[in-house]
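Data first, discussion second: the structure below is written as structure tokens.
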Amino acid sequence: MSKILVTGVAGFIGFHTAMRLINRGDRVVGIDNLNDYYDVNLKLARLKNIETLPCANLFQFDKVDLADRAAMASLFDRHSFENVIHLGAQAGVRYSLENPHAYVDSNLVGFVNVLEGCRWHHSQHLTFASSSSVYGANTTMPFSVHHNIDHPVSLYAATKKSNELLAHTYSHLFGLPVTGLRFFTVYGPWCRPDMALFKFVKAILNDQPIDVYNYGKMKRDFTYIDDVVEGIVRTNDHIARPNPNWSGDSPDPGTSSAPYRIFNIGHHQPTDIMALIELIEKTLGKKAVINMLPMQLGDVPETYADIEGLVNTVGFTPQTPIEEGITRFIDWYRNFYA
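As numbered in this note's numbering, residues 2 to 339 make up the sequence shown, in order.
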């Protein structure tokens, strides 16, 4: 039984990850600042759901802001965490155009506070959330962790790449084992209201039009939440090690001579956005009214994950079919929102 810190525990991925860890017997300390980027009631409902678990005594929640240096230092002083799973961040590509300072505070300042806590309290392993957004202007498919990612197209993506750089620096300087996970369009029950699937289902059920960008010419590597959580937990258990074959003459961005690894977690099967809408329509039994729009700033037309590293290193392949995942989400949505 380990004691694990999960940041962003009231968020979509953090909530599911905490549930999985608690159900297997780990002690979890979860933190979140419960900001109002989206409906706080949904975040509180997630926390309440954790409290209904038979082993809920293994969970402790602290309301802490990642950017609060003193509060984060106190958190690490009060607990002895074997591992840290850092999932807290200011999410959303489009919102980063409106409120860039929120991303600097949470994703940069907050991440350094996590790194410092891990450094001074000798955490065995830091697993942190990166994003498929870091691939930016790359067009070679599928996206590989061995590709260069020097051309982000949103501030959100730039902060996530910065996280990877900061993590590598701490790994190199202090021997801190770190693993970054680039998530590809995670979806499923309890997901964020700003995500496309949530917005599409809500709008169709309320007889409202849905906005579809790039005139429908979009593909996403939709990855079901249970698969993502399985990848997180397995990666957390598989402590990062140096790559003995790493060479500065031909540096591999996905590994290092330090205990540092990067993995993609994706379904490895992109879905056309129009095919997704058709699947939602079929499941709901209602047609969508579609409002076609040009590409949004900061967006990319396609994502597609190469998951070879995840498969070979931790032995896991995401496999939930999108038809099954969409059905589960819609069942949850209808139940939760009556």
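Glycine residues also receive a C-beta, built at the ideal position from the N, C-alpha and C atoms.
Everything numeric in this text was worked out from a predicted model, so none of it was measured.
Same chain, Cβ closer than 8 Å to Asp125, five either side skipped, listed in chain order: On the sequence shown, position 124 is the one that residue 125 refers to. The amino acid at residue 125 is misidentified as Asp; the sequence shows Gln. Excluding residues within five positions, the ones whose Cβ falls inside 8 Å are Glu83, Asn84, Pro178 and Ile240.
Distance check for Leu35 and Ile274, CA to CA, integer angstroms please. Position 273 of the sequence shown, counted from the first residue, corresponds to residue 274. Position 34 of the sequence shown, counted from the first residue, corresponds to residue 35. Roughly 31 Å separates the two Cα atoms.
Just to confirm the assignment, what range does the beta strand (DSSP E) spanning Met293 have? Mapped onto the sequence shown, residue 293 falls at position 292. Here the beta strand (DSSP E) through Met293 covers Ile291 to Met293.
Buried or exposed for Asp250, going by 16 or more other Cβ atoms inside 10 Å? Residue mapping note: residue 250 aligns to position 249 of the sequence shown, counting from 1. Its Cβ having fewer than 16 others within 10 Å, Asp250 is exposed.
Which of helix, strand or coil DSSP assigns to Gly31: Here the question's residue 31 lines up with position 30 in the sequence shown. DSSP places Gly31 in strand when its eight states are reduced to three.
Could you tell me the boundaries of the alpha helix (DSSP H) in which Phe199 lies? Within the sequence shown, numbered from 1, the residue matching residue 199 stands at position 198. Ala197 to Leu206 is the extent of the alpha helix (DSSP H) around Phe199.
Starting from the N-terminal side, write out each stretch of the beta strand (DSSP E) that is 3 residues or longer and does not extend beyond the stretch 202–246. Segments of the beta strand (DSSP E) lying fully in the stretch 202–246: 211–213.
Quick one: is Cys56 buried, meaning 16 or more other Cβ sit within 10 Å of its Cβ, or exposed? On the sequence shown, residue 56 is found 55 positions in, with the first residue counted as 1. Residue environment for Cys56: exposed (fewer than 16 other C-beta atoms within 10 angstroms of its C-beta).
Less than 8 Å between C-beta atoms, sequence neighbours within five positions excluded: which residues of the same chain meet that for Trp121? Within the sequence shown, residue 121 is the residue found at index 120, counting from 1. Answer for Trp121: Phe77, listed in chain order.
Compute the distance between the beta-carbons of Pro254 and Asn149, then report whether it is under 8 Å. In the sequence shown, counting from the first residue as 1, residue 254 sits at position 253. In the sequence shown, counting from the first residue as 1, residue 149 sits at position 148. Going by beta carbons, Pro254 and Asn149 fall inside the 8 Å limit.
Do you know offhand how far Gly137's Cα is from Arg79's? Here the question's residue 137 lines up with position 136 in the sequence shown. Here the question's residue 79 lines up with position 78 in the sequence shown. Taking the straight line from one Cα to the other gives about 39 Å.
Reduced DSSP secondary structure (H/G/I, E/B, other) of Ser75: On the sequence shown, position 74 is the one that residue 75 refers to. In the structure shown, Ser75 sits in a helix (DSSP, three-state: H, G or I).
Taking the alpha carbon of Thr318 as the point to measure from, which residue in Asp300, Asn114 and Phe264 has its own alpha carbon closest? Stepping through the sequence shown from its first residue, residue 318 is reached at position 317. It is Phe264 whose Cα lies nearest to the Cα of Thr318.
Can you give me the Cβ contacts of Tyr225 inside the same chain, cut-off strictly under 6 Å, excluding the 5 residues immediately before and after it? Numbered from its first residue, the sequence shown carries residue 225 at position 224. For Tyr225, where only same-chain residues beyond five positions count, the Cβ hits under 6 Å are Gly189, Thr321 and Gly326.
Pairwise C-alpha distance: Val29 and His123: To locate residue 123, count along the sequence shown from 1; it is residue 122. To locate residue 29, count along the sequence shown from 1; it is residue 28. Within the model, the alpha-carbon separation for His123 versus Val29 is close to 18 Å.
Identify whether Tyr334 lies in helix, strand or coil by the three-state DSSP scheme. On the sequence shown, residue 334 is found 333 positions in, with the first residue counted as 1. In the structure shown, Tyr334 falls within a helical segment according to DSSP collapsed to helix, strand and coil.
C-beta atoms of Asn286 and Phe185 nearer than 8 Å: One-based indexing of the sequence shown puts residue 286 at position 285. One-based indexing of the sequence shown puts residue 185 at position 184. Per the sequence shown, the amino acid found at residue 286 is Gly instead of Asn. Cβ atoms of Gly286 and Phe185: not closer than 8 Å.
Contacts around Ser257, its chain only, beta-carbon distance under 8 Å, and the 5 residues preceding and following it disregarded: For the purposes of this step, residue 257 is taken as residue 256 along the sequence shown, with counting starting at 1. Within the same chain, Ser257 has close Cβ partners His169, Ser172, His173, Pro243, Asn244 and Trp247.
Just mark Tyr96 as buried or exposed, buried being the case when its beta carbon has 16 or more other beta carbons within 10 Å. Translated into the one-based positions of the sequence shown, residue 96 becomes position 95. Burial call: buried.
Among the candidates Asp227, Ile308, Thr140 and Tyr157, whose CA atom is the shortest distance from the CA of Gly299? Working through the sequence shown from its first residue, we reach residue 299 at position 298. Answer by Cα proximity: Tyr157.
Given this structure, state the Cα-to-Cα distance separating Thr160 from Gly232, to the nearest angstrom. For this step, residue 160 is matched to residue 159 along the sequence shown. For this step, residue 232 is matched to residue 231 along the sequence shown. When rounded, the distance between both Cα atoms is 22 Å.
Tyr334 vs Arg193 beta-carbon contact at 8 Å: As a position in the sequence shown, residue 334 is number 333, starting the count at 1. As a position in the sequence shown, residue 193 is number 192, starting the count at 1. In this structure, Arg193 does not lie closer than 8 Å to Tyr334 by Cβ.
Apart from the five residues just before and just after Leu198, which ones in its own chain have a Cβ nearer than 7 Å to its Cβ? Here the question's residue 198 lines up with position 197 in the sequence shown. Closer than 7 Å at Cβ, skipping near neighbours: Tyr188, Cys192 and Phe330.
Buried versus exposed call for Tyr305 [16 or more other C-beta atoms within 10 Å across all chains shown]: The sequence position of residue 305 within the sequence shown is 304, counting from 1. Buried, since its Cβ has 16 or more Cβ neighbours within 10 Å.
With 16 as the cutoff for other CB atoms within 10 Å, does Ser339 come out buried or exposed? Translated into the one-based positions of the sequence shown, residue 339 becomes position 338. The sequence shown places Ala at residue 339, not Ser. Under the 10 Å beta carbon count, Ala339 is surrounded by fewer than 16 other beta carbons and is classified as exposed.
Tell me whether the beta-carbon of Phe62 lies closer than 8 Å to the beta-carbon of Val115. For the purposes of this step, residue 62 is identified with residue 61 of the sequence shown, where counting begins at 1. For the purposes of this step, residue 115 is identified with residue 114 of the sequence shown, where counting begins at 1. Not in contact: Phe62 and Val115 (Cβ atoms no closer than 8 Å).
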